[in-house]
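For reference, the structure discussed in these notes is given below.
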Amino acid sequence: MLGFIAIVLIIIIHISFSNRIKRLEDKISGQVPATGNVPSAAVSQSNIQPQSRAMEKIFPEPASIAQNQMAYAPQARPAIEKTALERFVLWLAEEWPLKAGIFLLILAVGWFVTYAFINDWIGEVGRITLGVLFGALILSAGFFRTAKHQLQGNALLILGATSILISIISGIGLYNLFPATVALIVAFILVAFMTYVALQQKNLSLAVVTISMGSIVPIFVFLSVDISIIFLYLFVLAAGTLWVTSRTGWNALNIISLVVVFLYSVAYDNFEGFDDNLQNLIFAFVFIFLFYFSSIATILFKKSANAYDLVVAGGTGMLFLIWMMMIASEQSLVYLIVFGVLLFALGAYVIFSMTKEKNPVILYSAVALVLLVSATAIQFDSWELTVAYIVEFSSFIMINLYLKSKEEISSKFNLSEAFGLVLYVVLFVMTLTNIERIFNYIDRNNYYSSRSYYEGQQISIGGDLLVIILLCVMSFLITIFAMKLFYDNDKTESNKMTLIRFYGVLGGFYSVILIWVMAHLMIQNQTTATMLSLVIYTLAGVCFYAAGKKNDHGLYKAIGGILFGVVLLRLFLVEFGNMDIVEKIITFFVVGILFVSTTFIGRKNKENTVANNSL
Numbered sequence: 011m012l013g014f015i016a017i018v019l020i021i022i023i024h025i026s027f028s029n030r031i032k033r034l035e036d037k038i039s040g041q042v043p044a045t046g047n048v049p050s051a052a053v054s055q056s057n058i059q060p061q062s063r064a065m066e067k068i069f070p071e072p073a074s075i076a077q078n079q080m081a082y083a084p085q086a087r088p089a090i091e092k093t094a095l096e097r098f099v100l101w102l103a104e105e106w107p108l109k110a111g112i113f114l115l116i117l118a119v120g121w122f123v124t125y126a127f128i129n130d131w132i133g134e135v136g137r138i139t140l141g142v143l144f145g146a147l148i149l150s151a152g153f154f155r156t157a158k159h160q161l162q163g164n165a166l167l168i169l170g171a172t173s174i175l176i177s178i179i180s181g182i183g184l185y186n187l188f189p190a191t192v193a194l195i196v197a198f199i200l201v202a203f204m205t206y207v208a209l210q211q212k213n214l215s216l217a218v219v220t221i222s223m224g225s226i227v228p229i230f231v232f233l234s235v236d237i238s239i240i241f242l243y244l245f246v247l248a249a250g251t252l253w254v255t256s257r258t259g260w261n262a263l264n265i266i267s268l269v270v271v272f273l274y275s276v277a278y279d280n281f282e283g284f285d286d287n288l289q290n291l292i293f294a295f296v297f298i299f300l301f302y303f304s305s306i307a308t309i310l311f312k313k314s315a316n317a318y319d320l321v322v323a324g325g326t327g328m329l330f331l332i333w334m335m336m337i338a339s340e341q342s343l344v345y346l347i348v349f350g351v352l353l354f355a356l357g358a359y360v361i362f363s364m365t366k367e368k369n370p371v372i373l374y375s376a377v378a379l380v381l382l383v384s385a386t387a388i389q390f391d392s393w394e395l396t397v398a399y400i401v402e403f404s405s406f407i408m409i410n411l412y413l414k415s416k417e418e419i420s421s422k423f424n425l426s427e428a429f430g431l432v433l434y435v436v437l438f439v440m441t442l443t444n445i446e447r448i449f450n451y452i453d454r455n456n457y458y459s460s461r462s463y464y465e466g467q468q469i470s471i472g473g474d475l476l477v478i479i480l481l482c483v484m485s486f487l488i489t490i491f492a493m494k495l496f497y498d499n500d501k502t503e504s505n506k507m508t509l510i511r512f513y514g515v516l517g518g519f520y521s522v523i524l525i526w527v528m529a530h531l532m533i534q535n536q537t538t539a540t541m542l543s544l545v546i547y548t549l550a551g552v553c554f555y556a557a558g559k560k561n562d563h564g565l566y567k568a569i570g571g572i573l574f575g576v577v578l579l580r581l582f583l584v585e586f587g588n589m590d591i592v593e594k595i596i597t598f599f600v601v602g603i604l605f606v607s608t609t610f611i612g613r614k615n616k617e618n619t620v621a622n623n624s625l
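Structure below.
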């Protein structure tokens with residue numbers, strides 16, 4: 011503590027003498043031109059020029075020699091600015107006994123104060139008062155210092171405000187001299203004052219430090235003050251921060267304010283826990299509406315959105331979801347989250363209709379979708395949850411594709427398109443469990459039934475079948491919908507073709523599974539069901555392969571080749587040992603004929619193409 015006070019007082023003394031040193035430096039710098047090289051050069055030129063003119067009359071010199079003489083004439087030296095270290099050394103060298111004496115006095119005073127504290131010469135009130143007065147003195151010195159040296163003044167402002175807050179918090183926590191709300195009031199006054207200075211200076215760094223300092227204070231009185239007062243203070247701080255942002259455009263402050271509210275909410279829920287009452291719910295919606303409307307207003311006013319705006323928008327949605335999970339009752343939780351879905355969907359619509367900005371619309375839509383997914387997860391489980399997700403994700407993707415079709419097609423892969431692909435990848439992963447249940451069911455049952463007893467429990471695959479069928483149908487619907495919107499022969503852009511192929515291939519994958527599953531569920535003889543499935547796969551492969559050869563379409567030929575490969579692998583690795591001789595003859599004969607037919611179909615198509623070209 012003593013060393014800290016000594017360092018601070020040294021800084022004050024340095025500031026008090028800096029003006030005098032600066033004036034001396036300015037005076038010294040001002041004397042250099044008066045006695046420097048420039049006048050001597052001028053005198054030398056004045057003395058040389060008459061002699062040169064006289065000599066030129068007798069011995070005229072070439073012009074080049076005269077130019078060389080002028081080039082080597084003495085020039086004035088610019089004044090070299092001293093560094094901060096040089097100025098500090100100069101300041102120390104000037105009247106150093108005085109500075110040494112002041113430093114000794116500071117040490118003596120610091121030791122006296124420490125000795126007085128130890129022996130209780132200064133009471134509790136005196137200690138806190140001394141700290142507050144010391145902080146106020148430093149704060150005042152910093153405020154006036156900012157007019158001449160902004161960095162030094164701001165450092166003193168922060169030091170003084172910190173000293174005052176530490177003194178007040180110590181008086182509350184150690185000595186119980188004040189009610190805990192005094193710390194919040196003093197913090198608000200200091201934050202308001204320093205924010206005013208930051209606005210005057212247009213200094214973002216000072217504003218960030220100020221907001222951060224004001225946000226830390228409630229930590230020290232968190233458990234001593236009613237939670238409503240804490241969040242009222244945070245609300246005033248957040249509202250003031252948003253007001254400063256609206257005047258200056260410092261969007262980083264909004265992120266700080268949002269993070270602070272989030273951290274205090276989570277901390278209180280872990281320590282005390284929110285009560286399920288109307289007051290807490292009102293507080294939650296007040297904060298949500300504050301950030302929500304300020305974010306939308308900022309985007310509408312600027313007609314654009316930067317990274318800070320998007321972070322605030324997304325963070326507001328996450329704050330809404332977390333608060334509803336902490337505060338809302340089980341009966342009202344789903345309805346409140348659905349209200350949030352409508353709220354953010356409305357925000358996306360307003361921004362799109364008034365600005366046509368893509369990124370905020372995508373973000374607000376994504377937040378609405380996340381809230382909808384959360385509400386769905388609360389309401390449903392098992393295969394019902396997957397079915398609900400299929401409907402929601404597919405609707406989101408189709409709406410997004412429709413909106414994209416109304417704009418100019420961009421060659422870049424859009425974020426919303428990538429998000430749609432991710433959603434369907436998530437669905438694919440979720441359905442792996444359903445597929446596993448269906449195949450386990452088929453392996454243990456050789457007759458058609460939707461129910462089975464396994465390990466003493468009755469199981470049903472009706473829901474699992476519904477998941478696979480619905481995802482297959484929706485994949486093909488999205489493929490057809492995207493083709494109608496974007497497909498234009500060779501003019502279709504590569505990113506749109508990627509979408510069409512992805513959803514089409516995914517639908518084909520589930521079609522293959524459904525053919526196998528339905529054949530084995532409807533036909534009691536498993537070998538016959540397998541033979542029928544392989545024949546259908548081969549027919550589909552022939553169709554794709556022939557279409558690929560006819561139109562020179564690489565994807566179709568690849569799909570046909572994959573189906574052929576699946577059939578061959580199944581025949582030689584599995585069915586070769588499972589089928590009897592008659593079943594082998596029939597299966598291999600039919601599949602072989604279909605394989606051979608691809609050659610004749612391709613040759614016939616080529617001959618027709620050559621004939622048409624010759625005509």
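Counting from 1 along the sequence shown, just add 10 to a position and that's the residue number in my numbering.
Positions of the beta carbon are idealized from the N, C-alpha and C atoms, including for glycine.
Where the alpha helix (DSSP H) through T386 begins and ends:
Looking up residue 386 in the sequence shown gives position 376. That run of the alpha helix (DSSP H) goes K368 to Q389.
Answer yes or no: do C482 and S521 have a C-beta to C-beta separation smaller than 8 Å?
Here residue 482 refers to the residue found at position 472 when the sequence shown is read from its first residue. Here residue 521 refers to the residue found at position 511 when the sequence shown is read from its first residue. A contact, by the Cβ cut-off of 8 Å.
Just to confirm, is the Cβ distance from E104 to L187 under 8 Å?
Translated into the one-based positions of the sequence shown, residue 104 becomes position 94. Translated into the one-based positions of the sequence shown, residue 187 becomes position 177. Taking 8 Å as the cut-off, the beta carbon of E104 is found no closer than this to the beta carbon of L187.
Extract the residue ranges of the alpha helix (DSSP H) inside the region 119-206, only unbroken runs of 4 or more that lie entirely within it.
As far as the region 119-206 is concerned, its whole alpha helix (DSSP H) runs of at least 4 residues are 134-155 and 160-183.
Using three-state DSSP, classify D562 as helix, strand or coil.
Counting from one through the sequence shown, the residue named residue 562 turns up at place 552. Three-state DSSP puts D562 in coil, outside helix and strand.
How about I229 and L263: are their beta carbons less than 8 Å apart?
Here residue 229 corresponds to residue number 219 of the sequence shown, with the count starting at 1. Here residue 263 corresponds to residue number 253 of the sequence shown, with the count starting at 1. Contact flag unset, no.
Determine the burial state of H530: buried for a count of at least 16 other Cβ atoms within 10 Å of its Cβ, exposed for fewer.
For the purposes of this step, residue 530 is taken as the residue at position 520 of the sequence shown. The Cβ neighbour count for H530, taken over all protein chains shown within 10 Å, is at least 16; the residue is labelled buried.
Using a Cβ-Cβ distance under 8 Å, would I239 count as near chain C?
The displayed structure is made up of one protein chain only, and chain C is not part of it.
Rounded to a whole number of angstroms, what is the C-alpha to C-alpha distance between I361 and N316?
As a first step, residue 361 must be located in the sequence shown, where it is residue number 351. As a first step, residue 316 must be located in the sequence shown, where it is residue number 306. For I361 and N316, the distance between alpha carbons rounds to 14 Å.
Selection from S339, T255 and R155 that minimises the alpha carbon distance to S304
Counted from its first residue, the sequence shown places residue 304 at position 294. The shortest Cα separation from S304 among S339, T255 and R155 belongs to T255.
Reduced DSSP category for A277 - H, G, I as helix; E, B as strand; rest coil:
In the sequence shown, counting from the first residue as 1, residue 277 sits at position 267. In the structure shown, A277 sits in a helix (DSSP, three-state: H, G or I).
Alpha helix (DSSP H) containing E104: first to last residue?
In the sequence shown, residue 104 corresponds to position 94, counting from 1. That residue, E104, is in no alpha helix (DSSP H); it is neither H nor E in DSSP.
Are the region 475-490 and the region 566-574 in contact at 8 Å, needing three or more beta carbon pairs?
With a cut-off of 8 Å, the region 566-574 and the region 475-490 do not count as touching, because too few Cβ pairs lie within range.
Cutting at 6 Å between CB atoms, please list the residues of its own chain near V321, excluding the five before and the five after it.
Taking the first residue of the sequence shown as 1, we reach residue 321 at position 311. Once the five neighbours on either side are set aside, the close Cβ partners of V321 are I265.
Quick one: Cα of M507 to Cα of S607, how far?
Here the question's residue 507 lines up with position 497 in the sequence shown. Here the question's residue 607 lines up with position 597 in the sequence shown. Approximately 30 Å, taken between the alpha carbons.
So A294 packs on I337, CB below 8 Å; how close in whole Å?
Position 284 of the sequence shown holds residue 294. Position 327 of the sequence shown holds residue 337. So it is a contact: roughly 6 Å between Cβ atoms.
For F232, which three-state DSSP category applies?
Taking the first residue of the sequence shown as position 1, residue 232 is located at position 222. In the displayed model, F232 falls within coil according to three-state DSSP, outside both helix and strand.
If you compare alpha carbons, which of G517, V515, A557 and E585 is closest to L544?
Along the sequence shown, one-based indexing puts residue 544 at 534. With distances taken between CA atoms, L544 lies nearest to E585 out of G517, V515, A557 and E585.
Could you tell me the alpha carbon to alpha carbon distance between W526 and V515, rounded to whole angstroms?
Position 516 of the sequence shown, counted from the start, is the residue given in the question as residue 526. Position 505 of the sequence shown, counted from the start, is the residue given in the question as residue 515. Distance between the alpha carbons of W526 and V515: 17 Å.
Leaving out five residues on either side along the sequence, give the residues of the same chain with a beta carbon under 8 Å from the beta carbon of V196.
For this step, residue 196 is matched to residue 186 along the sequence shown. Once the five neighbours on either side are set aside, the close Cβ partners of V196 are I174, L175 and I178.
What residues in its chain sit with their C-beta under 8 Å from that of R257, if we drop five residues either side in the sequence?
Numbered from 1 along the sequence shown, position 247 holds the residue referred to as residue 257. For R257, where only same-chain residues beyond five positions count, the Cβ hits under 8 Å are L209.
Grab me the residues of V296's own chain with a C-beta within less than 8 Å of its C-beta, minus the 5 sequence neighbours each way, in chain order.
As a working mapping, residue 296 is identified with position 286 in the sequence shown. If we look at V296 and ignore the five residues flanking it on each side, its Cβ neighbours are F245.
Pick from T597, A556, V592 and V600 that is closest to T609, judged by C-alpha positions
The count along the sequence shown starts at 1 and reaches residue 609 at position 599. For the set T597, A556, V592 and V600, the Cα lying nearest the Cα of T609 is the one of A556.
When you compare the region 390-398 with the region 354-374, are there three or more beta-carbon pairs, one atom per stretch, that lie closer than 8 Å?
With the cut-off at 8 Å, the region 390-398 and the region 354-374 do not touch.
Under three-state DSSP, which class holds D319?
Here residue 319 corresponds to residue number 309 of the sequence shown, with the count starting at 1. Note: D319 maps to helix in three-state DSSP.
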